[in-house]
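In my numbering, the protein residues as written are 16 to 361.
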């Protein structure tokens, strides 16, 4: 800690940054100009770690626009969802071009259904080793939503970082991953530290993350007011208090258990249902301004649940093992009652 600023060391990578990472998925939703302004403000405010992915449409391009000329002052992590080594090599070249960089600090396999290893049929890890030897990447990481794959990655000794969903809604198994990374000297990058928008108190989210000295939360940011909130925590980091603990306990009582995290790995739906929104509509109605979820467009979106084919593809693909069709049906029933005025969301 320096001048009251909380820093995190990402295991054997040796990367040390402020405990505020910039999650660059949301900037794909804003213009180049808005993204550049946001990213440069993040840098000016003290953020040095930026996480993106080849799958985040033009996110890498926007990072390249904003941070060109600052390469030696920042750390960039990106990801490839490629299934073969050759495809990963192409992804890497595209990422380097988009980011306007000649190397990437942490190159991550993006939510693979297995743990890539040297010599396996995919050729992914071998391609990463080749890229590392060529100086195109400095550290090899993995992201996942599956506890089994994450645990295997830690035990393998092959990875320097793990990126996994982690917030105060996480359970003992997720905390075991954090501890496992610490013992293995692996960096732990916490995605979805606000649980896909269900956690609305960022100070509570930060205070929880601060209790784990090896965890780097990456905050998904697309608005200036959101960014300023997190930048304020660099100088004045929230700490756990009785008041914050009460907020966390209340949220855990309401949200823990069978709820959709909004990761989207169940998509696309053959019936056109926007599963990662519809399956958590009941919570969204009660944890954000409800008017935006009661428009004609939103009602049409929810109505598509009635066309569910019950093919169970979403259920099979859910990394959390949720009974997604049943969850959708329950959310639709609740939604109809809210629209009819039979249930209040205030």
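Ideal Cβ placement from N, Cα and C applies to all residues, glycine included. Predicted, not measured: the structure shown is a model, and the values here were computed from it.
Inter-residue spacing [alpha-carbon to alpha-carbon] between residue i and residue j
i: residue 80; j: residue 307; result: 32 Å
i: residue 280; j: residue 291; result: 8 Å
i: residue 310; j: residue 316; result: 10 Å
i: residue 9; j: residue 313; result: This structure leaves residue 9 out entirely; the chain is present only between 16 and 361.
i: residue 73; j: residue 110; result: 10 Å
i: residue 116; j: residue 86; result: 7 Å
i: residue 228; j: residue 357; result: 46 Å
i: residue 283; j: residue 180; result: 21 Å
i: residue 328; j: residue 296; result: 20 Å
i: residue 22; j: residue 29; result: 12 Å
i: residue 207; j: residue 182; result: 7 Å
i: residue 298; j: residue 213; result: 7 Å
i: residue 376; j: residue 154; result: Nothing in the structure corresponds to residue 376, since the chain is present only between 16 and 361.
i: residue 221; j: residue 253; result: 6 Å
i: residue 337; j: residue 84; result: 45 Å
i: residue 48; j: residue 55; result: 11 Å
i: residue 324; j: residue 191; result: 37 Å
i: residue 343; j: residue 351; result: 12 Å
i: residue 198; j: residue 176; result: 12 Å
i: residue 346; j: residue 340; result: 10 Å
i: residue 44; j: residue 285; result: 24 Å
i: residue 57; j: residue 225; result: 20 Å
i: residue 16; j: residue 258; result: Because residue 16 carries a pLDDT of 38, less than 50, the predicted location of this residue cannot be relied on, and the following value inherits that uncertainty. Computed Cα separation, rounded: 24 Å.
i: residue 112; j: residue 71; result: 15 Å
i: residue 276; j: residue 98; result: 24 Å
i: residue 353; j: residue 273; result: 21 Å
i: residue 184; j: residue 271; result: 6 Å
i: residue 278; j: residue 41; result: 13 Å
i: residue 128; j: residue 174; result: 16 Å
i: residue 59; j: residue 52; result: 10 Å
i: residue 261; j: residue 326; result: 41 Å
i: residue 304; j: residue 147; result: 47 Å
i: residue 50; j: residue 100; result: 31 Å
i: residue 255; j: residue 20; result: 16 Å
Residue i burial status per 10 Å Cβ neighbour count (16 or more: buried)
i: residue 333; result: buried
i: residue 82; result: buried
i: residue 322; result: exposed
i: residue 159; result: buried
i: residue 31; result: exposed
i: residue 294; result: buried
i: residue 66; result: buried
i: residue 250; result: exposed
i: residue 95; result: buried
i: residue 75; result: buried
i: residue 93; result: buried
i: residue 126; result: buried
i: residue 265; result: exposed
i: residue 77; result: buried
i: residue 39; result: buried
i: residue 135; result: exposed
i: residue 163; result: exposed
i: residue 130; result: buried
i: residue 355; result: exposed
For residue i, the nearest candidate out of the options (CA to CA)
i: residue 90; options: 101, 112 and 118; result: 118
i: residue 62; options: 289, 137 and 242; result: 242
i: residue 152; options: 104, 36, 20 and 244; result: 104
i: residue 216; options: 71, 108, 278 and 248; result: 248
i: residue 171; options: 285, 200, 147 and 183; result: 200
i: residue 245; options: 209, 226, 264 and 277; result: 209
i: residue 231; options: 256, 267, 193 and 253; result: 193
i: residue 204; options: 165, 140 and 173; result: 165
i: residue 27; options: 146, 277, 156 and 335; result: 156
i: residue 349; options: 336, 301, 337 and 324; result: 301
i: residue 268; options: 285, 68, 186 and 202; result: 186
i: residue 102; options: 113, 140 and 128; result: 140
i: residue 25; options: 341, 178 and 340; result: 178
i: residue 46; options: 219, 256, 237 and 274; result: 237
i: residue 108; options: 167, 263 and 145; result: 145
i: residue 335; options: 59, 260, 188 and 64; result: 188
i: residue 167; options: 138, 137, 147 and 132; result: 132
Bridge-paired residues (DSSP) for residue i
i: residue 158; result: 125 and 178
i: residue 232; result: 205
i: residue 95; result: 124
i: residue 24; result: 31
i: residue 64; result: 36 and 90
i: residue 169; result: None; residue 169 has no bridge partner.
i: residue 119; result: 152
Supposed contact pair residue j and residue i - C-beta distance, whole angstroms, cut 8 Å
i: residue 35; j: residue 234; result: 7 Å
i: residue 288; j: residue 319; result: 5 Å
i: residue 143; j: residue 122; result: 6 Å
i: residue 219; j: residue 169; result: Not a contact, Cβ separation roughly 27 Å.
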